[in-house]
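The structure appears right after this line, and notes come after that.
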Amino acid sequence: SSIMSANGPASGGVSTDARRGDGEHFICSRHAVQNKLFRYSLAFPNLGQCIIINNKNFDERTGMNVRNGTDVDAANAMKVFSKLGYKVKLYNDQTVEQMKRVLTCVSKEDHSCCASFVCVLLSHGDEGVFFGTDGSIELKTLTSLFRGDRCKSLVGKPKLFFIQACRGTELDAGIETDGVDDGITKIPVEADFLYAFSTAPGYYSWRNTMTGSWFIQSLCDMLSKYSKELELQHIMTRVNHKVAVEFESVSNSPGFDAMKQIPCIVSMLTKEMYFSA
């Protein structure tokens with residue numbers, strides 16, 4: 001009888017395990033389906049292109065200062081996005097026409113083999129405006145080249161823009177605190193964009209002449225730390241936190257000292273963006 005009782009639970013155990021196995025298989029496959037529904041696919045030969053426009057020196061007539069420290073940003077971004085798996089191209093000191101030409105050409109290329117597209121823009125700016133070396137252009141003019149109706153091979157794929165530029169002249173003095181394939185046939189042309197701005201609308205954006213801008217430093221740091229595990233918007237929230245908490249301006253100019261900055265993420269993404277499967 002002792003043998004019987006030993007066998008009883010064992011055989012019961014086997015059948016229970018089998019059933020649990022089926023359940024696990026069902027959960028796994030359902031999880032995979034959900035991933036497919038809610039995650040951008042990385043099942044392409046390439047992760048995609050990363051275009052970096054780095055404007056440092058400006059035409060005297062614009063009255064714009066040299067952007068010392070921006071080369072550190074460009075090198076940092078090149079390194080991090082290359083490591084993620086992007087094919088990086090860097091363009092220095094571009095006029096408005098050159099920027100339009102570069103991005104128009106890229107938007108007309110075939111991105112069928114690519115999972116996504118990244119563009120890093122480093123320059124002077126103002127609200128809704130980005131500077132070439134010889135003047136300004138509406139940011140929308142550049143980003144809209146990649147809209148669904150204009151760049152068919154990137155339809156349904158994430159188009160990520162990281163923009164280091166001022167968005168106005170307001171300063172943030174801070175406040176002291178106590179710690180603390182879907183079967184869809186038609187999608188909006190503005191869908192699947194993410195715009196990560198270095199600062200909130202209307203505000204000044206800070207750059208250290210030795211170590212680069214607060215935003216790009218933090219972005220590169222957080223991407224290299226968390227790109228293997230976290231979804232992009234979670235990474236960007238950590239970028240926001242790092243910039244908000246760890247940085248404060250030091251300046252001899254009256255009114256420019258001890259200022260703060262908060263980046264701003266505008267997302268039209270329709271799925272979660274992971275950089276590794």
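At position 217 of the sequence shown (counting the first as 1) the number is 217 in UniProt numbering, and the numbers step up by one without a gap.
Beta carbons: idealized from backbone N, C-alpha and C, even for Gly.
Residue-chain proximity (Val-120, chain C), Cβ-Cβ < 8 Å: Absent here is chain C; the protein component of the structure consists of one chain.
DSSP three-state assignment for Tyr-91, whether helix, strand or coil: For the purposes of this step, residue 91 is taken as the residue at position 91 of the sequence shown. Here Tyr-91 sits in strand by DSSP.
Distance CB(Asn-240)-CB(Ile-216) smaller than 8 Å: To locate residue 240, count along the sequence shown from 1; it is residue 240. To locate residue 216, count along the sequence shown from 1; it is residue 216. Against a cut-off of 8 Å, the Cβ pair of Ile-216 and Asn-240 comes out as no contact.
For Arg-207, the residue or residues it bridges with in DSSP: Within the sequence shown, residue 207 is the residue found at index 207, counting from 1. In the DSSP secondary-structure assignment, Arg-207 is bridged to Ser-213.
Completely contained beta strand (DSSP E) runs for the UniProt domain "Caspase family p10" (183–277), where each covers 3 or more residues: Fully enclosed beta strand (DSSP E) runs of 3 or longer: 193–197, 264–267.
Selection from Met-222, Gln-164, Ser-136, Ile-187 that minimises the alpha carbon distance to Gly-212: Here residue 212 is taken as the residue at index 212 of the sequence shown, counted from 1. If we check each option's Cα against that of Gly-212, Gln-164 comes out closest.
Three-state secondary structure (DSSP) of residue 303: Since the first and last residues shown for the chain are 1 and 277, residue 303 lies out of range.
Endpoints, alpha helix (DSSP H) assigned at Cys-105: Position 105 of the sequence shown, counted from the first residue, corresponds to residue 105. Following the DSSP letters along the chain, one finds Cys-105 inside the alpha helix (DSSP H) bounded by residues 96–108.
Short Cβ contact (8 Å threshold) for Arg-167 with Pro-201: Mapped onto the sequence shown, residue 167 falls at position 167. Mapped onto the sequence shown, residue 201 falls at position 201. Against a cut-off of 8 Å, the Cβ pair of Pro-201 and Arg-167 comes out as a contact.
Of the listed residues Thr-104, Pro-45, Gly-132, Leu-160, nearest to Asn-65 (C-alpha basis): For the purposes of this step, residue 65 is identified with residue 65 of the sequence shown, where counting begins at 1. When only C-alpha atoms are compared, the closest one is Gly-132.
Inter-stretch contact at 8 Å, needing at least 3 Cβ pairs: the region 101–116 / the region 39–53: Touching, yes, given that three or more Cβ pairs across the two stretches are closer than 8 Å.
Under the three-state DSSP convention, the category Asn-35 falls into: Within the sequence shown, numbered from 1, the residue matching residue 35 stands at position 35. Here Asn-35 sits in helix by DSSP.
CB contact flag (Leu-103, Leu-142, <8 Å): Your numbering for residue 103 matches position 103 in the sequence shown. Your numbering for residue 142 matches position 142 in the sequence shown. It is a contact, given that the beta carbons lie within the stated cut-off.
Cα-Cα separation, Asn-35 to Asn-57: Taking the first residue of the sequence shown as position 1, residue 35 is located at position 35. Taking the first residue of the sequence shown as position 1, residue 57 is located at position 57. If I take the Cα positions, the gap works out to 45 Å.
Terminal residues of the beta strand (DSSP E) in which residue 279 lies: Residue 279 cannot be examined here, being either before or after the span of the chain that is shown, 1 to 277.
Reference Val-72; option with closest CA among Cys-220, Phe-247, Phe-256, Asp-257: Indexing the sequence shown from 1 puts residue 72 at position 72. Closest by alpha carbon: Cys-220.
Rounded separation between Ser-123 and Lys-157 - CA only: Here the question's residue 123 lines up with position 123 in the sequence shown. Here the question's residue 157 lines up with position 157 in the sequence shown. Just so you know, the alpha carbons of Ser-123 and Lys-157 end up roughly 26 Å apart.
First and last residue of the uninterrupted beta strand (DSSP E) at Lys-159: Here the question's residue 159 lines up with position 159 in the sequence shown. Annotation: the continuous beta strand (DSSP E) that includes Lys-159 extends over 159–164.
Simplified DSSP assignment, three categories, for Asn-68: Residue numbering aside, residue 68 sits at position 68 when the sequence shown is read from its first letter. Residue state, collapsed to three classes: coil.
Residues of its chain near Lys-228, where Cβ-Cβ distance is below 8 Å and the 5 sequence neighbours each way are ignored: For the purposes of this step, residue 228 is taken as residue 228 along the sequence shown, with counting starting at 1. Closer than 8 Å at Cβ, skipping near neighbours: Phe-275, Ser-276.
Assigned exposure category for Ile-187 - 16 Cβ within 10 Å defines buried: Working through the sequence shown from its first residue, we reach residue 187 at position 187. Exposed.
Cβ pair Asp-93, Asn-68 closer than 8 Å: Taking the sequence shown and counting its residues from 1, the one referred to as residue 93 is at position 93. Taking the sequence shown and counting its residues from 1, the one referred to as residue 68 is at position 68. By the CB criterion at 8 Å, Asp-93 and Asn-68 fall outside the cutoff.
Rounded straight-line distance, which links the Cα of Phe-38 to that of Gly-63: Translated into positions along the sequence shown, residue 63 becomes position 63. Translated into positions along the sequence shown, residue 38 becomes position 38. Between the alpha carbons of Gly-63 and Phe-38 lies a gap of roughly 47 Å.
Nearest candidate by alpha-carbon position, reference Ser-205, set Cys-119, Met-259, Lys-83: Here residue 205 is taken as the residue at index 205 of the sequence shown, counted from 1. Here the closest residue by C-alpha is Met-259.
Strand pairing of Ile-53, partner residues [DSSP]: In the sequence shown, residue 53 corresponds to position 53, counting from 1. According to DSSP, Ile-53 bridges with Tyr-91, Leu-121.
Straight-line Cα distance separating Arg-147 from Glu-170: Along the sequence shown, one-based indexing puts residue 170 at 170. Along the sequence shown, one-based indexing puts residue 147 at 147. If you draw a straight line from the Cα of Glu-170 to the Cα of Arg-147, it comes to about 31 Å.
Alpha-carbon spacing of Ser-224 relative to Phe-81, whole angstroms: For the purposes of this step, residue 224 is taken as the residue at position 224 of the sequence shown. For the purposes of this step, residue 81 is taken as the residue at position 81 of the sequence shown. Across the structure, Ser-224 and Phe-81 are spaced so that their CA atoms are roughly 9 Å apart.
Close Cβ partners of Gly-125 (< 7 Å) along its chain, the five nearest in sequence each way excluded: Taking the first residue of the sequence shown as 1, we reach residue 125 at position 125. Excluding positions up to five away in sequence, the list reads Phe-131, Ala-165, Cys-166, Arg-167.
Phe-162 burial status per 10 Å Cβ neighbour count (16 or more: buried): For the purposes of this step, residue 162 is identified with residue 162 of the sequence shown, where counting begins at 1. Result: buried.
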